[in-house]
Amino acid sequence: MAKRDFYEVLGVARNASEADIKKAYRRMAMKYHPDRNPGDTDAETQFKEAKEAYEVLTDPQRRAAYDQWGHAGVDPNAAAGGGGFGGGASFSDIFSDVFGDIFGGAGRGGSRVFRGADLRYTLELDLEDAVAGTEADIEIPTTVECDQCEGSGAAEGSSPVTCPTCKGHGDVRVQQGFFSIQQTCPHCQGRGQIIDNPCRKCQGAGRVADRKRLSVKIPPGVDTGDRIRLGGEGEPGENGGPPGDLYVQVAVRQHPLFERDGNDLRCEIPVSVPVAALGGELEVPTLDGRVSLRVPQGTQSGRVFRIRSKGVRPVRGGPPGDLLCRVVVETPVHLTKEQRELLERFAETLHEGGEKHNPRHSSWLDSVKSFFENMRF
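Take the sequence shown: its position 22, counting from 1, is numbered 77 in my numbering, and each next residue is one higher.
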């Protein structure tokens, strides 16, 4: 019986990537593996076909030969991989072959590699720098190769030896009932080697503590809690693994004048009683200079004035926010005798005018009076 086309077996196009081929093989293996279909000869046959197709199409040289010459260009014995179900991989082997790179292992025949850990650094900024953007120099802890053992972790005159438990693979297989599960070797922790005589300087780690300086570019508009990712600046990996990342977390210091509210800034403006009553012009500070604010006569404490576009421009773009100025009418203190007499005469004139000059106070008194009249004792 003629063999089916390998691409047809897996249901992929002839220009399919290796990732697509692995995905298709996993799908078919999950469906047709004899462990899941005991006694089903058709499922066993389809599994054998899928396994043979996968082994050929994931080998660049054999795939090129197959694309040019078809089945005649592939060694039948090599393609069969040493037999079908009788001498083939177990159900757990499928996941080792197809997904070994996903779970951090180096696969069969080599110790595991480990990605370095991610690091976090809290960077405190003044509000001005957070709004305008800046460039900050930071210093973080790191590890470097031990110069005494040149990174091997073994003392001078010795070297690491192959782990006797996993034979240098970095993982072991544990039989649990019907399944064979692959686990990290508990003896060497997945490194494939052990150190009998560790280096005194690094205690066998192969690396020693150090510090490094980095320059971090802070974009305009960042706020407390924002993170900046520096790829590859975390802890180094092990056994050739990639380094982790560094996350710089922003913390904006409290400002003596301004408080941030999203893209707006808020501030309090103390105003004297004469200015609040008669009106006037005030100079108001902003993060990029001073502006003039007109206070109309009769301004009450708590009134908020909005100064457009004097807030924060969002870090992801867009129009800037506003500056919200809240008026606080300041009561004068430490009065002289003359000032007290003037205020007393002024108060008398206000009293003569009734609610004309103090409408809110008169309204409040009416509410208090009504409250007590309706209260039941």
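Every residue, glycine too, gets a C-beta built ideally from N, C-alpha and C.
Quiz item: DSSP puts I249 in a beta bridge; with which residues?
Solution: V216
Quiz prompt | Cβ-based burial, Q238 [other Cβ within 10 Å; buried from 16] | solution = With fewer than 16 other Cβ atoms within 10 Å, it is exposed.
Practice problem: Would you check if the distance between the CB atom of D316 and the CB atom of A185 is smaller than 8 Å? | Solution: The answer is no: Cβ separation not under 8 Å.
Quiz prompt | Alpha carbon of R69 to alpha carbon of W124, nearest angstrom | solution = 14 Å
Quiz prompt | Inter-stretch contact at 8 Å, needing at least 3 Cβ pairs: the stretch 241-250 / the stretch 266-285 | solution = The stretch 241-250 and the stretch 266-285 do not touch, with fewer than 3 CB-CB distances between them shorter than 8 Å.
Practice problem: List the residues that DSSP assigns as beta-bridge partners of K267. | Solution: I195
Quiz item: Bridge partners of Y121, per DSSP?
Solution: Partner(s): none; Y121 has no beta bridge.
Quiz prompt | Alpha-carbon to alpha-carbon, K272 and I193 | solution = 11 Å
Quiz item: When the Cα atoms are used, what is the spatial distance from I236 to T96?
Solution: 26 Å
Quiz item: Looking at C-alpha atoms only, which residue of T391, P297, G357 is the closest neighbour of A172?
Solution: The candidate whose alpha carbon is nearest that of A172 is P297.
Quiz item: Can you tell which of D377, T177, V64, K365 has its C-alpha closest to the C-alpha of A103?
Solution: Reading the sequence as shown, one finds Lys at residue 103 and not Ala. The residue with the shortest Cα to Cα distance from K103 is V64.
Quiz item: Quick one: what does DSSP say F360 is sitting in, helix, strand or coil?
Solution: strand
Quiz item: Taking the alpha-carbon positions, what's the P291 to R170 distance?
Solution: 7 Å
Practice problem: Give me the Cα-Cα distance between H88 and P219, rounded to the nearest whole angstrom. | Solution: 33 Å
Exercise. Give me the Cα-Cα distance between V44 and T198, rounded to the nearest whole angstrom.
Key: Since the first residue of the chain shown is 56 and the last is 432, residue 44 is not available in this structure.
Quiz prompt | Contacting residues, own chain, Cβ-Cβ under 7 Å from E183 (five flanking each side not counted) | solution = L342
Exercise. Kindly list the residues whose CB is nearer than 7 Å to the CB of V367, restricted to its own chain and excluding five residues on each side of it in sequence; keep chain order.
Key: Leaving aside the five residues that flank V367 on each side, the residues in its chain whose CB is nearer than 7 Å to its CB run, in chain order, V186, G276, R315, N318, L320, P375, G376.
Self-check item: Residue from Q309, R117, L269 with nearest C-alpha to Y176
Solution: L269
Quiz prompt | C-alpha distance - G261 paired with E211, whole-angstrom precision | solution = 12 Å
Quiz item: Going by C-alpha distance, which of R381, S364, V229 is nearest G373?
Solution: S364
Quiz prompt | Span of the beta strand (DSSP E) around Q394 | solution = Here Q394 belongs to no beta strand (DSSP E); instead the alpha helix (DSSP H) covers 392-407.
Quiz item: Is it true that the CB of R381 sits closer than 8 Å to the CB of E323?
Solution: Yes, the pair counts as a contact, with Cβ atoms nearer than the cut-off.
Self-check item: First through last residue of the beta strand (DSSP E) which encompasses V307
Solution: 301-307
Exercise. Could you tell me the distance, in whole angstroms, from the CA atom of F313 to the CA atom of R361?
Key: Straight across, the Cα-Cα distance linking F313 with R361 is about 14 Å.
Self-check item: Assigned secondary structure, P329 (DSSP; H/G/I helix, E/B strand, else coil)
Solution: Reduced to three states, the DSSP call for P329 is helix.
Quiz item: What are the partner residues of Y176, as DSSP defines its beta bridges?
Solution: V303
Quiz prompt | DSSP three-state assignment for L65, whether helix, strand or coil | solution = Reduced to three states, the DSSP call for L65 is helix.
Quiz item: Thinking C-alpha only, which one of G289, H310, V423 is nearest Y302?
Solution: Relative to Y302, the option among G289, H310, V423 whose CA is nearest is G289.
Exercise. Give a single yes or no on whether K58 has its beta carbon closer than 7 Å to a heavy atom of the ligand NAD.
Key: Ligands are entirely absent from the displayed structure, and the ligand NAD is therefore not among its contents.
Quiz item: Taking the C-alpha atoms as reference points, what is the distance between S418 and S425?
Solution: Linking S418 to S425 through their CA atoms gives a straight-line distance of about 11 Å.
Practice problem: Go through its chain and collect everything with a Cβ distance to V227's Cβ below 7 Å, but skip five positions before and after it. | Solution: Excluding its 5 nearest sequence neighbours in each direction, V227 has C-beta neighbours in its own chain below 7 Å: T220, C221, Q238, C240, listed in chain order.
Quiz item: Can you tell me whether DSSP reads E190 as helix, strand or coil?
Solution: strand
Quiz prompt | Selected residue, minimal CA-CA separation from T189, among I195, D181, P196 | solution = The shortest C-alpha separation from T189 is found at D181.
Practice problem: Put G344 into one of helix, strand or coil per three-state DSSP. | Solution: strand
Quiz prompt | For L112, the first and last residue of its enclosing beta strand (DSSP E) | solution = Careful: L112 lies outside any beta strand (DSSP E), inside the alpha helix (DSSP H) at 96-112.
Quiz item: By how many angstroms is the C-alpha of H224 removed from the C-alpha of K106?
Solution: Going from the Cα of K106 to the Cα of H224 covers about 24 Å.
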